[in-house]
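In the numbering used here, the protein residues as written are 6 to 438.
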């Protein structure tokens with residue numbers, strides 16, 4: 006979808022509505038009928054290569070001329086409440102991409118950034134088409150995602166990202182820096198482009214912002230991802246963006262949202278195009294698929310429990326935002342002491358989740374629970390995963406069965422390898438609704 010929370014970048018904001026017209030009335034005007042929704046007209050804010058001072062792409066933003074000043078994010082919020090988010094998303098997407106293709110921006114190397122809500126892509130009528138259909142035409146498209154999308158429905162978002170990768174589209178994580186929790190999501194969705202929130206270049210970074218900047222730099226160095234700074238309004242902002250490692254920029258200083266120029270921007274040379282990795286998103290069916298020790302290591306459940314407690318204690322002592330995921334096979338293994346520990350973890354981390362047979366939806370305050378059937382492959386696994394900005398750790402164990410009792414031995418591995426830990430986390434996340 007081509008709408009977003011305007012945030013701190015005034016270039017993203019629609020023209021303010023008249024004081025006598027409320028946002029509520031403007032939203033209702035947009036959603037009055039399907040025909041009213043279709044009156045959307047896209048604007049495009051240039052994305053600039055800071056090294057060459059040239060336009061390499063644009064972000065599509067939705068506007069409704071018959072509702073001037075309406076906040077697009079409120080349109081989406083209301084449309085979701087009415088069960089019409091797919092309709093609005095489709096109208097915005099089609100308007101933006103149709104305009105781009107009609108003006109001939111297909112083979113000139115330009116990249117179009119499109120804000121999406123994963124539920125709008127998953128929940129659509131059979132005849133509605135697919136946001137990715139235009140990828141076969143040669144148009145370079147990057148889907149912009151937010152941390153809210155992952156935290157809201159991790160399995161859904163991973164499916165969208167995997168499908169996008171399969172079809173050759175790029176992925177961007179938006180608003181990085183607005184919330185420190187977003188940093189733990191970088192490795193999970195593996196964005197090609199990390200979009201720094203404008204607050205990071207507004208002035209000298211504070212201690213927390215320095216942590217964010219270092220984490221983004223480490224991710225970009227490890228993966229080859231591109232850093233894009235939003236909210237560049239002054240020369241000082243531009244210099245800070247460059248100092249932070251941004252190679253792409255967006256903001257009023259570089260260009261305000263406007264209709265695409267009919268004369269077109271100059272073609273982007275191959276060496277200056279926005280880098281899209283094209284790598285598929287690795288999502289194993291289950292964490293134990295990653296076990297490859299030869300000979301395999303074995304341990305009884307009590308030993309695994311001690312390892313699990315160690316990981317959990319490390320997470321509690323960490324000063325950085327974390328994602329903590331665990332699979333306890335059966336809910337009965339998630340004891341009162343476990344519930345207390347995981348509740349404490351959830352109090353200071355945005356995503357703490359556990360999986361098991363008969364697991365309640367909230368087994369401890371703030372902890373997300375997912376129940377699996379007895380015959381589910383995960384019912385034979387014991388897993389504890391901790392991901393942070395720089396810390397990656399996983400205990401992955403497989404129960405060969407069918408013996409019962411605490412003395413039976415599991416095949417297991419402990420790993421701090423970033424790629425392995427991230428893949429194991431995705432394997433569990435795909436089961437979280």
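No residue lacks a Cβ here, since even glycine has one placed at the ideal position from N, Cα and C.
For residue i, the residue or residues it bridges with in DSSP
i           : result
residue 362 : 335 and 377
residue 149 : 120 and 177
residue 254 : 53 and 234
residue 206 : The partner list for residue 206 (beta bridge, DSSP) is empty, contrary to what the question assumes.
residue 391 : 329 and 398
residue 63  : 51 and 117
residue 416 : 303 and 403
residue 350 : DSSP, once it has assigned bridges, lists no residue as partnering residue 350.
residue 184 : 181
Residues of its chain near residue i, where Cβ-Cβ distance is below 6 Å and the 5 sequence neighbours each way are ignored
i           : result
residue 133 : Because residue 133 sits at a pLDDT of 46, beneath the cut-off of 50, its placement in the model cannot be relied upon, and the following sentence gives the value as read from the coordinates. The residues are 95.
residue 312 : 400
residue 325 : 393 and 394
residue 131 : The predicted model places residue 131 with a pLDDT of 43, which falls under 50 and marks its position as unreliable; any figure quoted below should be read in that light. Nothing meets the Cβ criterion.
residue 71  : 44
residue 249 : 218
residue 245 : 206
Residue i burial status per 10 Å Cβ neighbour count (16 or more: buried)
i           : result
residue 345 : exposed
residue 209 : exposed
residue 260 : buried
residue 283 : exposed
residue 107 : exposed
residue 214 : buried
residue 382 : exposed
residue 147 : buried
residue 386 : buried
residue 88  : exposed
residue 424 : exposed
residue 379 : exposed
residue 366 : exposed
residue 240 : exposed
residue 302 : exposed
residue 242 : buried
residue 211 : exposed
residue 29  : exposed
Simplified DSSP assignment, three categories, for residue i
i           : result
residue 132 : Low confidence applies here, because residue 132 scores a pLDDT of 46, under 50, leaving its location unreliable and the question unanswered by this model.
residue 279 : coil
residue 165 : helix
residue 95  : helix
residue 342 : helix
residue 114 : coil
residue 397 : strand
residue 75  : coil
residue 369 : coil
residue 302 : strand
residue 286 : coil
residue 46  : strand
residue 68  : strand
residue 37  : coil
residue 433 : helix
Chain B within 8 Å of residue i, Cβ atoms only
i          : result
residue 70 : Checking the listed chains, one finds no chain B in this structure; it contains a single protein chain.
Cβ-based neighbour list, residue i, same chain, cut-off 8 Å, excluding 5 preceding and 5 following
i           : result
residue 359 : 330, 331, 332, 333, 339, 347, 368, 372, 373, 374 and 375
residue 109 : 269
residue 265 : 49, 63, 104, 105, 108 and 110
residue 204 : 13, 182, 183, 214 and 236
residue 362 : 334, 335, 336, 376, 377, 378, 379, 381 and 384
Should the stretch 390-397 be called in touch with the stretch 316-330, which here means at least 3 C-beta pairs below 8 Å?
-> With a cut-off of 8 Å, the stretch 316-330 and the stretch 390-397 count as touching, because enough Cβ pairs lie within range.
May I ask you to verify whether the stretch 50-66 touches the stretch 248-262, counting CB pairs closer than 8 Å and requiring at least 3?
-> As far as the Cβ criterion goes, the stretch 50-66 touches the stretch 248-262, which means the pair count is three or higher.
Counting Cβ pairs closer than 8 Å, one from the stretch 109-124 and one from the stretch 52-64, do we hit at least three?
-> Look at the beta carbons and you see the stretch 109-124 touching the stretch 52-64: at least three pairs across the two are nearer than 8 Å.
At least 3 beta-carbon pairs within less than 8 Å: the stretch 423-434 vs the stretch 279-298 | With a cut-off of 8 Å, the stretch 279-298 and the stretch 423-434 count as touching, because enough Cβ pairs lie within range.
Using 8 Å as the threshold, is the stretch 25-36 in touch with the stretch 215-228, meaning 3 or more CB pairs across them?
-> Three or more beta-carbon pairs separated by less than 8 Å are not found between the stretch 25-36 and the stretch 215-228, which leaves the two stretches without contact.
Stretch-stretch touch, CB-based, cutoff 8 Å, three pairs: the stretch 270-281 with the stretch 411-418 = No, the stretch 270-281 is not in contact with the stretch 411-418.
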